Amino acid sequence: MEKFKTLTSTVIPLANEDIDTDQIIPARFLKSTTREGFGKNLFRDWRFNSHGDLKEDFILNDPSYSGSILVAGKNFGCGSSREHAAWALYDFGFRAIVSSYFADIFKGNALNNGLLPVQISDAFLETIFELVKQDKNTTLRIELIDQQISVPGTKYTEKFNINAYKKTCLLNGYDDIDYLISRKNQIEQFEQTHKEF
83 MEKFKTLTST VIPLANEDID TDQIIPARFL KSTTREGFGK NLFRDWRFNS HGDLKEDFIL
143 NDPSYSGSIL VAGKNFGCGS SREHAAWALY DFGFRAIVSS YFADIFKGNA LNNGLLPVQI
203 SDAFLETIFE LVKQDKNTTL RIELIDQQIS VPGTKYTEKF NINAYKKTCL LNGYDDIDYL
263 ISRKNQIEQF EQTHKEF
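Position in the sequence shown counted from 1, then plus 82, gives you our numbering.
This is how it looks when you write it as C-alpha cells:
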C-alpha cells in the first residue's frame, strides 16, 4: 500500500446520509477478485443513467469539483460488508473519506486497503459542506501523525481518532502481512527466548 502521512486536497462533497455499500459499488459488479478496475463503477447507478450516459447533476460528474477526499453525509458505508466498496473508492482516486459516522465494517475494510476514514463531529462536517458550497476550491488538510483535520487558512480544525495499529500500518504503507514481516526480528527473538526444552 501507499504510505499515508499528510494529505492536502480539494474535496468532492456528497451530502447524502446513509450511503450503503450497494450504492457505492452495486452487487452486479462484484465479479472480480482483484482490487483493480472497480473505480469505473463507483456509484454506478448514481453516476450513469440506464443508457450508460453520465448524469450531469451528480456531483462526481461535475468537473468543477475534484480531489482525493470525499466528504460524505453521516453513516457512510452501511449495509453489506463487501470489501469492494473500499476498493472502488480507492481505485477511483480517493485516499480519504470524511464523515461524521462510518459503519464499523466499512471502516475496517477502508483501513485495510489504504483508505483513511476520518470521523469528525456533525458540526464540523456541516461547516465543511458550507465552506465548499461557498468556494469549490476549498481544501482540507489531513495529518495522520497528529490525527488532525483542518481547513487551511481558517480557524477550523479538529482531532480524529484512529486505531493505533492501523495508524502504524498506514504511515508505513503496510498491510497485515507487511506488518508481521516488519516484526520478523522481534518474532525470532521471542521464539528463541521461549523455546520448549
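Where is the CB? At the ideal position from N, CA and C, for every residue including glycine.
Being a predicted model, the structure only gives us computed values, none of them experimental.
Those residues which DSSP pairs with residue i across a bridge
i      : result
Arg223 : Thr90 and Ser232
Asp102 : Cys160
Val241 : Reading off the sequence shown, one finds Lys at residue 241, where the question assumed Val. Bridge partners of Lys241: Gln230.
Ser74  : Residue 74 lies beyond the range of the chain shown here (83 to 279); nothing can be said about it.
Pro95  : Val153
Simplified DSSP assignment, three categories, for residue i
i      : result
Glu165 : coil
Thr250 : helix
Thr116 : coil
Lys189 : helix
Lys277 : coil
Ser203 : coil
Glu84  : coil
Lys218 : coil
Spatial distance of residue i from residue j (CA atoms)
i      : j      : result
Arg223 : Gln230 : 8 Å
Trp128 : Ile210 : 23 Å
Asn254 : Leu96  : 29 Å
Asp78  : Glu138 : In the structure displayed, the chain extends from 83 to 279; residue 78 sits before or after that span and is not available.
Asp217 : Glu273 : 58 Å
Phe130 : Lys122 : 11 Å
Ala170 : Lys277 : 45 Å
Lys249 : Ala192 : 12 Å
Phe158 : Gly149 : 18 Å
Ala109 : Thr221 : 33 Å
- request: At 3 residues or longer, and completely inside the region 120–162: list those beta strand (DSSP E) runs for me, N to C.
  value: Entirely contained in the region 120–162, the beta strand (DSSP E) runs reaching 3 residues are, in chain order, 151–154.
task: Report yes or no: do three or more beta-carbon pairs, one from the region 108–128 and one from the region 179–188, lie closer than 8 Å?
output: No, the region 108–128 does not touch the region 179–188.
message: Across the region 234–248 and the region 194–206, are there enough close Cβ pairs to call them in contact, namely three or more that are closer than 8 Å?
response: Between the region 234–248 and the region 194–206 there are three or more inter-stretch CB-CB distances shorter than 8 Å, so the stretches are counted as touching.
message: Could you check whether the region 136–153 touches the region 162–169, counting it as contact only if at least three pairs of C-beta atoms, one from each stretch, sit closer than 8 Å?
response: These segments do not touch.
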